[in-house]
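Residue numbers (the numbering used here): 50 to 319.
First up is the structure itself, then whatever we jot down about it.
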Amino acid sequence: MSAENDDDLTPETQDIWNQNAAFWDSIIGDAGNEFHRTIVEPATLKLLAPQAGETVFEIACGNGAFARTMAQFGVQVVASDFSANLLERARARTRAHTIEYVLIDATRQDQLLTLGDQRFDAAVCNMALMDMPTIDPLFSALKRLLKPHGRFVFSVQHPCFNSNGATKTVELADRNGELVTVYAVKVSRYLTPWSERGIGIVGQPTPHYLFHRPLSMLFNAGFQAGFVVDGIAEPTDTREPNEGTWWAWANYRETPPVLVVRMRLSSGVS
50 MSAENDDDLT PETQDIWNQN AAFWDSIIGD AGNEFHRTIV EPATLKLLAP QAGETVFEIA
110 CGNGAFARTM AQFGVQVVAS DFSANLLERA RARTRAHTIE YVLIDATRQD QLLTLGDQRF
170 DAAVCNMALM DMPTIDPLFS ALKRLLKPHG RFVFSVQHPC FNSNGATKTV ELADRNGELV
230 TVYAVKVSRY LTPWSERGIG IVGQPTPHYL FHRPLSMLFN AGFQAGFVVD GIAEPTDTRE
290 PNEGTWWAWA NYRETPPVLV VRMRLSSGVS
């Protein structure tokens with residue numbers, strides 16, 4: 050199935066995330082799970098560089114873990130999600146900070162634009178673009194929501210290495226007379242966009258849709274809306290390797306599971 054023009058999957062996708070909300074909230078917790086804290090969050094914060102007094106818009110905030118982190122920097126956070134169940138849990142966990150949570154479908158430009166023109170210094174979307182049936186409406190809306198030269202930082206499963214088109218492999222190799230374990234990723238599908246069900250966290254009640262887009266499609270959505278790229282990170286898992294859990298990303302030191310990108314509105318964009 051194509052990964053674009055899948056707007057008809059939005060209602061089903063929304064229903065799936067409402068079903069998974071309680072489970073994901075229990076795993077993510079107040080401050081994110083270990084994968085988020087060690088891989089996603091540090092790289093995202095470095096590129097976003099939130100400053101006290103700024104107003105930042107978060108898209109697909111889930112249970113609000115990253116919104117609460119940003120609030121600690123003195124940022125005014127407006128956090129959105131299209132899952133009412135996730136927002137309910139985000140509000141319940143947000144006790145020490147003032148965060149505005151809003152129910153918005155990020156595939157609907159009209160809903161996004163209700164937030165106001167040039168309201169935000171920055172926007173951020175953590176590990177969610179690959180869960181959206183279409184991303185063009187979001188980029189088009191951000192062109193108006195952000196202040197001139199405003200920045201947008203997003204993190205996604207790395208399209209090259211961490212998708213349903215990639216398979217983890219473990220092999221035994223002879224290196225200079227020593228037998229070593231080699232961890233690698235075999236890519237069988239990349240260039241053609243597609244969508245299919247997948248598992249984000251083992252044990253979740255219902256597999257959710259993943260929408261694979263190659264780098265060219267992902268970046269071009271931003272370029273067409275007037276953004277330029279001025280920062281990229283490919284964080285790896287720095288935790289201790291463990292052969293007992295060979296599939297863990299900590300064993301794949303040369304293969305980043307996450308891509309983090311900073312885009313900025315270029316000068317002259319109306």
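Where is the CB? At the ideal position from N, CA and C, for every residue including glycine.
Under the DSSP assignment, Arg193 falls outside any beta strand (DSSP E), being part of the alpha helix (DSSP H) whose first and last residues are 185-194. In this structure, Phe169 sits near Phe106, with a CB-CB distance shorter than 9 Å. Taking a 10 Å sphere around the C-beta of Pro306, we find 16 or more other C-beta atoms and assign the residue as buried. DSSP places Asp166 outside both helix and strand once states are collapsed to three, so it counts as coil. The beta carbons of Ala155 and Leu164 sit about 11 Å from each other, so the pair does not count as a contact at 8 Å. Taking Ala171 as reference, the option from Thr147, Pro99, Arg157 with the minimal CA-CA separation is Pro99.
Around the beta-carbon of Arg117, 16 or more other beta-carbon atoms lie within 10 Å, marking it buried. Between the segment 133-148 and the segment 220-235 there are fewer than three inter-stretch CB-CB distances shorter than 8 Å, so the stretches are not counted as touching. In the structure shown, Ser75 adopts helical secondary structure according to DSSP, grouped into three states. Between the C-alpha atoms of Arg200 and Ala190 there is a straight-line separation of about 13 Å. Looking from the CA of Val278, the closest CA among Thr285, Gln125, Ala270 belongs to Ala270.
Cβ atoms of Ile88 and Pro263 stay farther apart than 8 Å, at about 21 Å.
Under DSSP, Thr216 shares a beta bridge with Lys235.
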